[in-house]
Structures are given as C-alpha cells and as structure tokens.
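*Asks:* Per UniProt numbering, the very first residue in the sequence shown carries number 1; after that it's consecutive. Backbone N, C-alpha and C fix where the C-beta goes; we use that ideal spot for every residue, glycine too.
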Amino acid sequence: MVSMVPSAVGLALGSYHALMKRKDVEDLTDAQYLVFLLSAMGLVLMAGIMSGLTLGLMSLDDVEMEILVTSGKTSEKKSAEKIKPLIAKPHKLLVTLVVWNAIAAEALPLVLDRITDPITAVILSVTVVLMFGEIIPQALCTNHGLTIGAFFSPLVRVLLVITTPLSTPIAAILDILLGPRNSALFRRTQLKTFVDLHDANKNYGGNLSTEEVTIIKGALDLTHKRARAAMTPLDMVFMVSIDTVLNSEVLESILKSGHSRILVHAKGDRTKIIGIVLVKELILVDPNANQEISSLKIRHIPHLLAETPMYDMLRLFKTGRTHMAVLTQPTLDAITAKQEYIPPDIAIDMFDVLQREYGSDDDDSLFDSSDEDDAMNRGLSARSFKRFRASTQPSSTSSTSSSSVRSIMSEMEELYAIDFKGEDVVAIGIITIEDVLEELLGDEIVDETDEYVDNLCRTRVNKTTLSRSLPPYLLKALKSNPGPPPMPGLKVYETARGSLRYSAADDAQQVDGKLSLFSQQQQMNRKHNSEEDG
1 MVSMVPSAVG
11 LALGSYHALM
21 KRKDVEDLTD
31 AQYLVFLLSA
41 MGLVLMAGIM
51 SGLTLGLMSL
61 DDVEMEILVT
71 SGKTSEKKSA
81 EKIKPLIAKP
91 HKLLVTLVVW
101 NAIAAEALPL
111 VLDRITDPIT
121 AVILSVTVVL
131 MFGEIIPQAL
141 CTNHGLTIGA
151 FFSPLVRVLL
161 VITTPLSTPI
171 AAILDILLGP
181 RNSALFRRTQ
191 LKTFVDLHDA
201 NKNYGGNLST
211 EEVTIIKGAL
221 DLTHKRARAA
231 MTPLDMVFMV
241 SIDTVLNSEV
251 LESILKSGHS
261 RILVHAKGDR
271 TKIIGIVLVK
281 ELILVDPNAN
291 QEISSLKIRH
301 IPHLLAETPM
311 YDMLRLFKTG
321 RTHMAVLTQP
331 TLDAITAKQE
341 YIPPDIAIDM
351 FDVLQREYGS
361 DDDDSLFDSS
371 DEDDAMNRGL
381 SARSFKRFRA
391 STQPSSTSST
401 SSSSVRSIMS
411 EMEELYAIDF
421 KGEDVVAIGI
431 ITIEDVLEEL
441 LGDEIVDETD
451 EYVDNLCRTR
461 VNKTTLSRSL
471 PPYLLKALKS
481 NPGPPPMPGL
491 KVYETARGSL
501 RYSAADDAQQ
511 VDGKLSLFSQ
521 QQQMNRKHNS
531 EEDG
C-alpha cells in the first residue's frame with residue numbers, strides 16, 4: 001500500500017520549487033480551474049479507493065470466501081462470489097492496486113500546483129489527502145471490506161486488464177520469491193481456541209452455548225486419544241464365568257449391575273474373555289433349572305490393542321456389530337518377536353507419551369510413580385523405557401523436548417495396527433460405545449443404574465449435582481408423569497435406578513396379567529421363608 005505522506009512532501013517541495021522559479025502564475029479561466037479542481041478531487045478519490053481496497057481485499061482469503069459462499073447470508077454470498085475471482089491471484093491484485101494508487105498519488109501534486117499557492121497546497125496535502133485518501137478509506141474497508149470490495153469489483157477488473165503488461169511479470173516474480181499465499185486455516189489447537197472464544201459466556205460476542213463448545217472441542221481432541229484413555233480396567237468389570245449357574249442369586253446380581261451386556265470369561269481366568277451375553281436374553285431363564293451360562297448364546301466380542309485410536313473405535317461401533325470391545329496389551333515376548341516391525345528403542349506404551357505431548361495436570365507424576373520394573377510389567381523394554389524417559393525430561397529448550405516426543409510418537413503411530421496373535425496379548429480392560437461418546441462429548445453420561453460417574457469408581461453419582469444445570473422445564477419432566485395414572489398398588493419411582501435397586505424387595509408386579517419368572521421366584525422365596533419362620 002502506498003502512503004500519501006510522500007506525496008504531501010513531494011507536493012510541498014514541488015510547490016516551493018515552482019515559487020522560486022516562477023514569478024508570475026498564469027491565470028486560469030473558470031473552466032480550466034474547474035477542470036483542475038475536479039481532477040484533483042478525482043485523484044484523491046482514486047487514491048482513497050485504491051488504498052482502501054488494498055487493505056480490504058488483501059485481508060480476505062480463499063477460505064473465508066468459500067465459507068461465505070457456502071454458508072453465508074444471501075448478501076454475503078453475492079459479495080463473496082464477486083470477490084473470489086479477484087483474490088485468486090493475490091500478488092497480481094496487489095500490484096494492480098498499488099500501481100494505480102501510486103499514479104493517483106504522484107499526479108495529485110501536479111494538478112494542485114496549477115490551482116493554488118505552495119502554502120495552501122501543503123495544507124491541502126496534509127489534511128485532505130491524508131484524511132480522504134488514507135484514513136477514512138482504510139477505516140471503512142476495515143469494517144466493510146466485503147461490501148465495498150464487491151461494489152468496486154467491476155472497476156478492479158478493468159484496472160487489472162489495463163495493468164496486465166506490468167502487473168503480470170511482477171506478480172510472477174513475487175510468486176517465485178514468496179511462494180503462494182497461505183490460507184487462513186487453523187491448526188487443531190488454534191481451532192479449539194477459536195471455538196472457545198465463540199462461547200457466549202466469554203464476552204467476545206459469540207453465540208455458542210457451553211455445551212456446543214465442549215462437544216466441538218471434544219471432537220477435536222478425540223483424534224489424539226487412544227482407547228486406553230477411556231477404558232474400564234478389567235478388575236473393575238462385572239463379569240461371570242463360563243460355568244456359572246443361572247440361579248436366582250446370580251440373576252439378581254446381574255440385574256443389580258445395571259448392565260445390558262455381561263462379559264463371560266474362561267473358568268478360573270478373568271483375562272480370557274470368551275464373549276458377551278445380552279441381559280435381555282435372560283428374561284426367559286428359569287432360576288430353578290440350574291442352567292449354566294454356557295448353554296446361552298454367547299456373542300463374539302472384538303479384541304483390540306489399547307493404543308487403538310478413539311476414532312477407529314467409533315468407526316467399529318458404528319457398524320452395529322458390537323457396542324463393546326476388549327482392550328489388550330502385548331507382552332514383552334511378543335514385542336521382542338516383532339523386532340522387524342517395532343524399533344527396539346521405542347516404548348510400546350503410548351499413553352504416557354500422549355499425556356506428555358498434549359498436557360497433563362502433573363507431568364512429573366508420569367515417571368515418579370513408575371520405575372523400570374513397572375515398565376517391564378506393562379510391556380516396556382528396559383532400554384526403551386530409559387530412552388523414553390530421557391527424551392521427555394525437561395530441558396533448557398522446550399522445542400527440543402517437544403520434537404523428541406513427536407519423533408517417538410511418529411514411529412509408534414502405527415503400532416496398534418500390528419497383527420499380534422491371541423497368545424501374544426493380555427486383556428487389560430474394556431471399552432464401550434458409551435465410553436467413546438463420553439470422550440467425544442467431553443462429559444460423562446450417567447445411566448439410571450450407574451453408582452459412579454467415572455469408570456474408575458472414584459466419584460459417586462449425585463443426582464442433585466447432575467440436575468443442577470437443567471432448566472426448570474427439564475427438571476419438571478424428571479419429576480412429573482403426564483401419562484395415565486398407575487395401576488392400583490403399582491409403585492412408580494422417580495428414576496429407573498430406584499426401580500432397579502428395590503425391585504427385588506418389592507412385591508411382584510403384574511404386567512398384562514402375567515408375572516415375570518424372576519419376580520415369581522422372589523415371591524415364592526419370601527413365602528417359603530415366612531412359612532419356615534412360622
């Protein structure tokens with residue numbers, strides 16, 4: 001962009017030179033004076049338009065125009081469609097605008113020198129030229145660059161054609177020296193911050209709710225997360241053995257667990273997961289038949305490495321073939337046998353690497369709580385653990401440490417895709433579609449039967465706390481029942497959790513004139529116990 005200040009200085013020097021060299025100023029006729037005056041005004045207007053368009057058009061890019069063309073308002077779409085061809089060659093556009101700005105700026109002193117004295121010319125150059133040639137146009141184009149640029153787009157097209165012999169070679173040289181113009185695309189962390197600023201509670205004028213911002217950020221973070229981050233450890237998973245007899249006590253424990261799917265493991269070994277049983281298929285099981293769970297339909301459950309990307313888990317669950325998967329960890333012997341695929345200096349455990357790369361509440365805790373023995377137990381070689389630990393220790397330059405971590409991550413990125421045999425891995429936990437959705441939403445989903453908010457059973461469910469953020473009409477929906485009144489003697493609980501918790505202690509409820517087998521058995525047991533007490 002050409003500044004008008006040099007023009008003002010040139011105007012003053014030129015007028016002073018004319019005063020020294022010229023004693024008499026030729027009188028102009030009214031018509032000539034009017035022509036020069038209109039020419040000066042036109043040059044100021046021309047310089048102002050070029051100055052404003054240089055700032056307004058060059059601040060726009062292809063990405064922004066594509067967004068407006070695709071999802072903008074009707075007026076914005078029309079304006080963007082007019083501007084998009086102009087900014088397709090930004091260097092040529094820049095050269096054209098600067099050339100015409102320079103022409104107007106350099107021609108103005110010559111015109112003013114014919115209609116005024118040097119002192120007046122200096123005053124005009126400082127006030128009129130700077131005010132109407134730079135400040136006002138640039139201020140207008142800063143706030144309304146899209147509208148003004150679209151309005152003057154026909155003029156810019158004509159100027160582009162006129163200056164083609166000059167602008168084309170200069171633009172080609174700039175393309176070679178400077179390269180193509182960078183698009184205004186954000187990196188992932190920048191995009192998260194950008195979305196965060198659109199939160200209505202951030203006072204930046206955004207209109208996104210906190211829930212919307214959380215979900216968008218959760219979707220962005222999910223790319224870097226592995227299944228291990230959301231898994232439930234195997235020792236906290238409710239499961240039954242393959243030889244379990246489905247008596248009333250077992251059925252009651254399954255009912256109280258609140259799960260829709262129950263894992264079945266091999267006899268005497270909880271790490272050998274055979275498959276899953278759907279709880280809804282137990283409704284026809286007779287508690288008095290002493291039927292083993294092995295006689296039921298046991299469904300296949302996928303086994304995947306714990307380092308499987310979370311989005312891959314989501315793709316798997318979206319197929320509808322399964323809503324649960326077992327997560328495994330390779331043994332040290334399996335890692336050693338895969339030397340041709342895994343560099344010997346690379347650690348198998350990516351979870352700590354991801355924590356270090358993308359932040360944690362306490363970075364030092366990654367190493368203080370795990371020594372080489374623990375690393376070996378988790379499937380790490382001693383040498384790889386030492387190398388990983390050394391590469392992630394704080395150094396004088398954070399960029400060096402960050403690059404080392406990225407190097408390790410890039411080498412380990414495809415580890416989850418290595419084909420390990422069944423005997424080469426050991427089950428360490430499970431993950432469900434609900435766990436993946438919780439990571440995607442960035443918040444916990446609490447079922448009616450959940451006793452704890454998190455998978456590690458650290459935070460108990462507090463209904464008051466969870467419902468505190470609900471608007472009044474949703475709170476009312478939780479407590480009121482607009483449907484038909486319940487049958488006489490039927491006890492309706494406020495939440496399904498209460499129903500599950502106390503159903504074994506309540507009287508058997510009649511539904512469509514029939515008693516469920518489980519409720520019937522509970523009623524018979526209570527009657528038998530009362531007779532023995534009598």
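Do you know offhand how far S39's Cα is from I123's?
*Replies:* C-alpha separation (whole angstroms): 18 Å.
*Asks:* With a CB to CB cut of under 7 Å and the five nearest residues on each side skipped, what residues in its chain are close to L140?
*Replies:* If we look at L140 and ignore the five residues flanking it on each side, its Cβ neighbours are G52, I148.
*Asks:* Under 8 Å, with one C-beta from each stretch per pair, do the stretch 81 to 96 and the stretch 204 to 213 reach the 3-pair mark?
*Replies:* Judged by Cβ distances under 8 Å, the stretch 81 to 96 makes no contact with the stretch 204 to 213, as fewer than three pairs qualify.
*Asks:* Can you give, in chain order, each stretch of the alpha helix (DSSP H) that sits fully within the stretch 43 to 74 and has at least 4 residues?
*Replies:* Here the runs fully enclosed are 62 to 71.
*Asks:* Any idea if F186 is buried or exposed, counting beta-carbon neighbours within 10 angstroms, 16 or more meaning buried?
*Replies:* When all chains shown are included, F186 counts as exposed.
*Asks:* Write down the C-beta distance between A325 and I430 rounded to the nearest angstrom, noting that I regard them as a contact closer than 8 Å.
*Replies:* Confirmed, about 7 Å.
*Asks:* Name the two residues that bound the continuous alpha helix (DSSP H) containing T322.
*Replies:* Note, T322: premise wrong, no alpha helix (DSSP H); not H, not E.
*Asks:* Pick from I49, I115, E212: whose alpha carbon is nearest that of M131?
*Replies:* Ranking I49, I115, E212 by Cα distance to M131 puts I49 first.
*Asks:* Mind checking G56: buried by the 16 CB within 10 Å criterion, or exposed?
*Replies:* By the neighbour-count rule (16 or more Cβ atoms within 10 Å), G56 is buried.
*Asks:* Can you tell me the Cβ-Cβ gap for L296 and V279, rounded? I've got them flagged as a contact below 8 Å.
*Replies:* Not quite, the Cβ-Cβ distance comes to about 11 Å (not below 8 Å), so this is no contact.
*Asks:* What runs of the beta strand (DSSP E), each 3 residues or longer, lie entirely inside the stretch 107 to 168?
*Replies:* Correct list: empty.
*Asks:* Whole-angstrom Cβ separation of T214 and D61, contact assumed at under 8 Å?
*Replies:* Contact flag wrong, Cβ pair sits at about 29 Å.
*Asks:* Drop a sphere of 10 angstroms on the beta-carbon of D113, count the other beta-carbons inside from all chains shown, and report buried for 16 or more, exposed for fewer.
*Replies:* Its Cβ being crowded by 16 or more others within 10 Å, D113 is buried.
*Asks:* Evaluate I67 with the Cβ neighbour count: other Cβ atoms within 10 Å of its Cβ, from every protein chain shown; 16 or more gives buried, anything less gives exposed.
*Replies:* The residue in question, I67, is exposed, as its Cβ has fewer than 16 Cβ neighbours within 10 Å.
*Asks:* On the DSSP bridge list, what partners appear for G275?
*Replies:* Partner(s): V264.
*Asks:* Consult DSSP for A306 and reduce its assignment to one of helix, strand or coil.
*Replies:* It is coil, neither helix nor strand.
*Asks:* According to the neighbour-count rule (16 or more other Cβ atoms, all chains shown, within 10 Å of its Cβ), is V161 buried or exposed?
*Replies:* Burial call: exposed.
*Asks:* Assuming contact is defined by CB atoms lying nearer than 8 Å, are R188 and L220 in contact in what I supplied?
*Replies:* Yes. Within cutoff.
*Asks:* When you compare only the Cα positions, how much space is there between V195 and E106?
*Replies:* Those two C-alpha atoms are separated by around 46 Å.
*Asks:* Given a threshold of 16 other Cβ atoms within 10 Å of its Cβ, counted over all protein chains shown, does M236 qualify as buried or as exposed?
*Replies:* The residue is exposed, with fewer than 16 neighbouring Cβ atoms inside 10 Å.
*Asks:* Please confirm if T193 has its CB atom under 8 Å from at least one CB of chain B.
*Replies:* Protein chain content of the structure displayed is limited to a single chain, and chain B is not contained in it.
*Asks:* Please report the Cβ distance between D175 and H91, rounded to the nearest whole angstrom; I am assuming they are in contact, meaning their Cβ atoms lie under 8 Å.
*Replies:* With a Cβ gap of about 6 Å, D175 and H91 count as contacting.
*Asks:* Excluding the 5 residues flanking I433 on each side, which residues of the same chain have their C-beta closer than 7 Å to its C-beta?
*Replies:* Only F317, H323 meet the Cβ criterion.
*Asks:* Would you report the Cα separation of L366 and T232, rounded to the nearest angstrom?
*Replies:* Legend: pLDDT at L366 = 36, less than 50; position of this residue unreliable, value from coordinates given subsequently. Those two C-alpha atoms are separated by around 20 Å.
*Asks:* By how many angstroms is the C-alpha of A150 removed from the C-alpha of V69?
*Replies:* Taking the straight line joining both Cα atoms gives about 13 Å.
*Asks:* Could you name the residues of the same chain whose beta carbon sits closer than 7 Å to that of V111, not counting the 5 residues immediately before and after it, in chain order?
*Replies:* For V111, where only same-chain residues beyond five positions count, the Cβ hits under 7 Å are F36, S39, A40, L43.
*Asks:* Indicate the three-state DSSP secondary structure (helix, strand or coil) for P472 in the structure shown.
*Replies:* Three-state DSSP puts P472 in a helix.
*Asks:* Am I right that F238 and I274 are in contact with their C-beta atoms under 8 Å? What's the rounded C-beta distance?
*Replies:* Their Cβ separation, rounded to whole angstroms, is 15 Å, which puts F238 and I274 out of contact at 8 Å.
*Asks:* Since G133 and A47 are thought to touch, with beta carbons under 8 Å apart, how far apart are those beta carbons, to the nearest angstrom?
*Replies:* That pair is a contact at about 4 Å.
*Asks:* Cβ of V264 within 8 Å of Cβ of I293?
*Replies:* In this structure, I293 lies closer than 8 Å to V264 by Cβ.
*Asks:* According to the neighbour-count rule (16 or more other Cβ atoms, all chains shown, within 10 Å of its Cβ), is S75 buried or exposed?
*Replies:* Exposed.
*Asks:* Hey, G179 and L441: beta-carbon distance below 8 Å or not?
*Replies:* No, the Cβ-Cβ distance between G179 and L441 is not below 8 Å.
*Asks:* Give every residue of the same chain whose Cβ lies closer than 8 Å to the Cβ of A184, excluding the five residues on either side of it in the sequence, and list them in chain order.
*Replies:* Once the five neighbours on either side are set aside, the close Cβ partners of A184 are D61, V63, E64.
*Asks:* List the endpoints of the continuous alpha helix (DSSP H) containing G205.
*Replies:* From DSSP, G205 is part of no alpha helix (DSSP H); its letter is neither H nor E.
*Asks:* For D117, which residues from the same chain have a beta carbon less than 7 Å from its beta carbon, with the 5 sequence-adjacent residues on both sides left out?
*Replies:* Once the five neighbours on either side are set aside, D117 has no close Cβ partner at all.
*Asks:* Based on the DSSP secondary-structure assignment, which residues constitute the bridge partners of R299?
*Replies:* Beta-bridge pairing links R299 to I276.
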